[in-house]
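Residue numbers (numbering that gives the first Met the number 0): 0 to 829. Idealized CB from N, CA, C, for every residue including glycine. Since the structure is predicted, the reported quantities are computational estimates derived from the model, not experimental observations. Structure first, then comments.
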Amino acid sequence: MSTQHGEAASYDVRAVQDRWRAVWDDLRPFDADGTDQSRERRYALTMFPYPSGDLHMGHGEVFALHDMLARYWRLRGYDVLNPIGWDSFGLPAENAAIKRDENPATFTYDNIETQAESIRRYGLSFDWTRRLHTSDPEYYRWTQWLFLRFFERGLAYRKASFVNWCPNDQTVLANEQVVQGLCERCGAVVTKRELTQWYFKITDYAQRLLDDMEQLEGKWPERVLTMQRNWIGRSEGAWVDFAISAEDGVKRDEPVRVFTTRPDTLYGATFMVVAPDAKLAAELVADDHRAQFEAYLERTKQATEIERQSTERPKTGVPLGVHAVNPVTGEKMPVWAADYVLADYGTGAVMAVPAHDQRDLDFARTYDLPVRAVIDVEGAEDPAVSGIATPGDGAYVSSPALEGIETKADGIATIIARLEADGAGEGTINFRLRDWLLSRQRYWGCPIPIVHCPDCGEVAVPDDQLPVELPYLTGSDLAPKGTSPLAAATDWVSTACPQCGGPAQRDTDTMDTFVDSSWYYLRYCSPQSTDGPFDPAEARRWMPVDQYVGGVEHAILHLLYSRFFTKVLHDMGMVDFVEPFTSLMNQGQVINEGKAMSKSLGNGVDLGEQLEEFGVDAVRLTIVFASPPEDDIDWADVSPSGSSKFLQRAWRVAHEVSSEPGADPADGDQALRRTTHRTVHDCEQLYESRRFNVVVARLMELVNATRKAIDAGPGAADPAVREAAEVISVLLSTIAPYVAEEMWSELGHAPSVSQQPWPTVDEALLVEDTVTCVVQVKGKVRGKVEVPPSISDEDLQAIALAEPNVARHLEGAEIRKVIVRAPKLVNVVI
C-alpha cells in the first residue's frame with residue numbers, strides 16, 4: 000500500500016479503489032433519509048443516461064461535476080437526494096435487436112449493468128435504492144397512467160397531418176428531432192408523410208411556459224432561456240379573414256383565416272400563398288388546376304423544411320385557380336401554392352406583401368405578380384424596381400385608413416379595430432410552438448394505452464388493466480415495414496373494448512421516449528410507490544430539484560417537455576410548484592485536438608482506458624480542474640498524469656502527519672492555520688458559485704503550504720499540519736473520493752470522510768495582521784510597505800512618503816497629488 004515516510008512514499012491506486020468501494024457498499028453513506036426534519040434537504044439531479052454502451056468521456060465530465068456538488072452539500076449537513084436511473088426505451092436498442100435477432104431488452108439491460116458497474120467504479124455518490132429504468136413495466140405503467148390523465152383533460156388527442164418521416168428508421172420525428180433537415184438519430188434526409196398520430200396539446204401552455212421563465216432568470220443559463228423563448232415564439236398580430244371569390248367556381252362559405260404580425264400592411268397585400276401540404280390547398284384548388292397542383296405537392300414532399308425556408312433557394316409555386324378578397328381594399332388577389340410556406344404556421348396560408356417581405360418579393364418577381372409599397376422607408380428605393388424588400392418602418396402611403404398615423408403601433412391598432420368592426424378579423428397572439436407529436440412507429444417504447452373500437456371510438460384502457468405490456472418480439476419481427484412492428488403482433492393487437500366488450504384493437508404506436516423522461520425526476524422521490532406515479536407527500540418533501548446538471552442539447556426537447564408536464568401536474572393538484580428544476584448547469588463538451596471526438600477523425604478518447612491508466616481520482620480531478628464547468632475541455636491540453644502526481648503529493652501529507660488525532664492546533668503554526676482557514680472560507684464561496692476548477696487550485700495551494708510546513712517549518716508533528724491535512728482530505732473528498740478516504744484513514748479516523756461536517760472556520764484567522772501596500776511614483780512601483788489592514792489614509796500616506804526608495808525618487812520633485820487607496824495602494828503624481 001505504501002512505503003516509508005518521505006517523498007518516496009506512495010499508495011497503490013487500484014488497491015485503494017477496491018478497498019473503499021467495498022467499504023461504501025457496506026456503509027451506504029449516500030442513501031437519502033428524508034425523515035430527519037431537523038436537516039434541510041437538497042435534491043441533486045443529473046440527466047439520466049441512455050444505455051447504448053459503456054460510459055464515455057461526456058458521462059465522465061457530467062458525473063464528476065454533478066457529484067462534486069452533491070458531496071459538498073452532504074458536507075454542509077444537508078440531507079441529499081442523489082438518485083440514478085436509465086432512460087432505457089429507444090430506437091438504438093431496437094436497431095441492435097434487429098441486427099442480433101434478439102429482443103431489445105437483452106441489449107438494453109446488458110448495457111445498463113455495464114454502465115452501473117462503471118458508475119460504481121467511478122466513485123459516484125448515488126443513492127442506489129432509488130434506481131429506476133423507464134423500460135420496466137412498473138415504471139411505464141405510470142407513464143401510461145399519466146397519458147390517460149392528459150387524455151381525460153383533452154391534452155392528448157389524435158389527428159391526421161403531414162409529419163416528419165425518417166425513411167431509414169421508418170418512424171415519425173417531432174420537429175425538434177429534425178436537425179438541418181436530417182434525422183437527429185441516423186442522419187437520413189427527413190421527408191413528409193401523412194399519418195394519423197397522437198399529440199400532447201402543449202400549445203395550451205405556451206404563455207405559461209413563457210411567463211414562468213421569470214422564476215428561472217439568473218438560475219438557468221441565459222442561452223437556454225433564450226432558446227426556449229425563441230422556440231415558443233410568441234408574436235402579437237391579427238387574424239385576417241379573406242373571403243374566397245365565388246366567381247372562380249369554388250364554393251366555400253368560410254373565409255380563409257391568415258395570421259399576420261403586420262396587419263397595417265394589408266393595403267400592400269397583392270396575392271395569397273398557401274402551403275401545398277396544408278389541407279387548405281387541396282380544398283381551394285380549382286378542378287382545372289388540380290393535376291398541376293398534385294404534381295407540385297409530390298415534389299414538395301421530397302424537400303426538407305430547412306430547404307423550403309432557405310432564402311438562397313429559387314421560389315417555386317403553382318396557381319390554385321381561385322382568388323381571395325382583400326378585406327380592406329376589396330381587391331381580388333390570386334391564390335398560389337408555394338413551398339416556402341409551411342403547413343404548421345398558422346393556418347398554412349399567408350397574405351403576401353411583396354414590397355415589404357423579401358421572400359414574397361422574390362416570388363412576385365418570379366411569377367410577375369403585383370408589388371405595391373405601402374410604407375415609405377426613408378432612403379429606400381421602390382422594391383418593384385430594386386428587387387429589395389423594405390421591411391422597416393416609415394410613413395404610410397397608399398393606405399387610406401392610415402393617413403396621418405405616425406407610429407407602427409397606432410397603425411396596427413387602427414387596422415385591427417377596423418377588421419373587428421367589419422367582422423373581418425381580430426387582434427390575437429400567435430405562437431411558433433406546435434403541439435408535441437408523440438407517436439412513434441417503434442416497438443421498444445411505452446405502449447399507448449388506448450383501444451380503438453368500431454362502435455365506441457377511442458377508449459382508454461382502465462387503470463386497473465395497466466400496464467399494457469409489450470409483447471415479446473425479436474429480430475425480423477422488428478424490421479422496419481413502414482408501420483409499427485406492434486401491428487403485426489395480432490394476438491396482442493386484438494382485444495375487447497373496455498366500454499362495450501366488443502372486438503377492438505389496441506393502438507400500435509408507442510410513445511416518444513421524451514414522455515418517459517418528462518417525469519422521471521418525480522418518480523425518484525418515491526420509486527416504490529404503487530398508488531400513483533409518485534407519492535405527493537414525498538414530492539413536496541424533495542421537489543423541485545435544487546440543481547440539475549446536463550447538456551445544453553436538451554435545452555428545447557427535454558427541458559421544455561418537463562416544464563410542460565410539471566404545469567399539467569400542478570393543475571391536477573398533484574404538485575405544488577410549477578417549475579421542476581430550480582437551477583440548471585450545462586457542462587461543456589470533452590473534445591480532443593480542438594474537435595469533437597469521432598471515429599472518423601480518429602481522435603476518440605476511451606473513458607475506461609483513462610481510468611485504467613491513471614485511476615478514477617486522477618481522471619475526475621483532471622476534468623474538474625481543466626476549466627469552468629460550462630466550458631469545453633480539450634483532452635489534448637490536460638494532464639491526468641499531473642493530476643496523479645498531485646494526488647500522491649496530497650496523500651503523502653496525510654501519511655507523514657505524526658501528531659495524534661484530536662491534537663489542538665491552536666498552538667501550532669499560525670501562518671499555516673491562516674492559509675487553511677482562508678482556503679475553507681474561500682472554497683465555500685467557490686462551491687456555491689460553481690467555480691469548481693478554482694476549488695482545485697485552492698486545494699493545490701494548501702497542499703503546497705502544508706508540504707512546506709512539514710519540510711521547512713515546524714514539521715509533521717505540528718497540530719496545525721494535522722489540521723491542514725484533515726481539511727485537505729475533507730474538501731478533496733468531493734473531487735477525488737478514493738484518495739480522500741485513504742488520507743482520512745491515514746490520519747487515524749474511521750470512515751467515511753464523506754460523512755464529516757464541513758470544516759469550521761475561525762473568523763479571527765481570516766483577519767490579516769499586515770497587508771502589502773504598493774507605492775507608485777509617476778505610475779511606477781518604487782516601494783512596498785507592510786501596514787495594518789485598518790490603517791487610515793493619512794497614516795498610510797505618511798508611511799509611504801517616508802519609505803527610503805520612494806523618498807529618493809521624490810527628491811527635488813513637486814508633488815501635485817497623492818492618491819491613497821488604503822490599505823493596498825499609494826500613487827504619487829509629480
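So is residue i buried or exposed if we call it buried at 16+ other beta carbons inside 10 Å?
i    : result
M56  : buried
T195 : exposed
Q3   : Caution applies to Q3, whose pLDDT of 42 falls short of 50 and renders its modelled position unreliable; the value that the coordinates give is listed next. By the neighbour-count rule (16 or more Cβ atoms within 10 Å), Q3 is not buried but exposed.
P718 : buried
K566 : buried
Y471 : exposed
G248 : exposed
I447 : buried
M271 : buried
T260 : exposed
R428 : Checking the sequence, you will find Ile at residue 428 rather than Arg. With fewer than 16 other Cβ atoms within 10 Å, it is exposed.
A812 : exposed
A625 : buried
V780 : exposed
G422 : exposed
V828 : exposed
P788 : exposed
E6   : For E6, the predicted structure reports a pLDDT of 48, less than 50, and the residue's modelled location is therefore unreliable. A value from the coordinates is still provided. By the neighbour-count rule (16 or more Cβ atoms within 10 Å), E6 is not buried but exposed.
D506 : buried
A799 : buried
Just to confirm the assignment, what range does the beta strand (DSSP E) spanning residue i have?
i    : result
W238 : 233-243
V773 : 770-776
V126 : As written in the sequence, residue 126 is Asp, which differs from the Val given in the question. That run of the beta strand (DSSP E) goes 126-132.
R505 : 502-505
V162 : 155-165
Q196 : 190-199
E659 : Taken as a continuous stretch (DSSP letters only), E659 belongs to no beta strand (DSSP E), as it is neither H nor E.
V817 : 816-820
V373 : Taken as a continuous stretch (DSSP letters only), V373 belongs to no beta strand (DSSP E), as it is neither H nor E.
What is the C-beta distance between residue i and residue j, in whole angstroms, given that I count them as a contact (C-beta under 8 Å)?
i    : j    : result
V458 : P497 : 6 Å
P353 : T269 : 6 Å
L436 : V171 : 6 Å
E578 : Q214 : 5 Å
V255 : A348 : 6 Å
A8   : L80  : Actually they are not in contact, since the Cβ atoms of A8 and L80 sit about 39 Å apart, beyond 8 Å.
V376 : V396 : Between V396 and V376 the Cβ distance is about 10 Å, and since that is not below 8 Å, they are no contact.
How far does the alpha helix (DSSP H) with residue i in it extend, from its first residue to its last?
i    : result
V492 : 489-492
N692 : 691-711
A363 : 357-366
L685 : 669-687
L147 : 136-151
M542 : It is not in any alpha helix (DSSP H) - M542 carries neither H nor E in the DSSP assignment.
M781 : Correcting the residue type first, residue 781 is Arg in the shown sequence and not Met. Looking at the DSSP string, R781 is not in any alpha helix (DSSP H); the run it does join, the beta strand (DSSP E), is 779-786.
K300 : 289-300
T529 : No alpha helix (DSSP H) contains T529, which DSSP labels as neither H nor E.
W19  : 12-26
H808 : 803-809
Which ranges would you report for the beta strand (DSSP E) in the stretch 42-117 if only whole runs of at least 3 residues count? As far as the stretch 42-117 is concerned, its whole beta strand (DSSP E) runs of at least 3 residues are 78-80, 82-85.
Pair every Cβ in the stretch 706-723 with every Cβ in the stretch 56-69, then say whether three or more of these pairs are closer than 8 Å.
With the rule of 3 Cβ pairs closer than 8 Å, the stretch 706-723 does not count as touching the stretch 56-69.
So, do the stretch 230-245 and the stretch 309-328 have three or more beta carbon pairs nearer to each other than 8 Å? Contact holds: three or more Cβ-Cβ distances are below 8 Å.
*Considering only residues of the stretch 560-640, which uninterrupted beta strand (DSSP E) runs meet the minimum length of 3 residues and lie entirely inside it, listed in chain order?*
Assignment of beta strand (DSSP E) within the stretch 560-640, counting only whole runs of 3 or more residues, yields 589-591 in chain order.
*Does the stretch 766-774 come within contact of the stretch 748-755, defined as at least 3 CB pairs closer than 8 Å?*
At 8 Å Cβ cutoff, the stretches do not touch.
Problem set entry | Complete beta strand (DSSP E) runs within the stretch 202-285 (minimum length 3 residues, chain order) | Counting whole runs of 3 or more residues, the stretch 202-285 contains the beta strand (DSSP E) stretches 233-243, 255-259, 270-273.
For the stretch 382-389 against the stretch 405-418, are there 3 or more C-beta pairs whose distance is under 8 Å?
Taking 8 Å as the limit for Cβ pairs, the verdict is that the stretch 405-418 does not touch the stretch 382-389.
Query raised in the report: Are the stretch 514-528 and the stretch 177-197 in contact at 8 Å, needing three or more beta carbon pairs?
Result: Flag = no, the stretch 514-528 and the stretch 177-197 do not touch.
Three-pair Cβ contact test at 8 Å for the stretch 700-709 versus the stretch 735-745:
No: the two stretches stay apart, fewer than three of their Cβ pairs being nearer than 8 Å.
Could you pull out every unbroken beta strand (DSSP E) segment of at least 3 residues lying fully inside the stretch 420-452, listed in chain order?
Entirely contained in the stretch 420-452, the beta strand (DSSP E) runs reaching 3 residues are, in chain order, 424-430, 449-452.
Between the stretch 223-238 and the stretch 301-321, do at least 3 Cβ pairs fall closer than 8 Å? The stretch 223-238 vs the stretch 301-321: no contact.
task = Specify whether the stretch 36-52 and the stretch 17-24 touch according to this definition: at least 3 beta carbon pairs, one from each stretch, less than 8 Å apart.
result = No: the two stretches stay apart, fewer than three of their Cβ pairs being nearer than 8 Å.
**Prompt:** Taking one C-beta from the stretch 35-44 and one from the stretch 657-675 each time, how about it: are there three or more such pairs within less than 8 Å?
**Reply:** Contact fails: fewer than three Cβ-Cβ distances are below 8 Å.
- Message: I'd like to know if the stretch 588-606 and the stretch 633-640 are in contact, where contact means that at least 3 CB-CB pairs between them fall below 8 Å.
- Response: These segments touch.
Check your understanding: Does the count of Cβ pairs from the stretch 66-75 and the stretch 113-120 closer than 8 Å reach three?
Key -> Result no; under three Cβ-Cβ pairs closer than 8 Å.
contact_flag[the stretch 485-492, the stretch 173-186] where n(CB pairs < 8 Å) is 3 or more: Fewer than three pairs of CB atoms, one per stretch, sit closer than 8 Å, so the stretch 485-492 makes no contact with the stretch 173-186.
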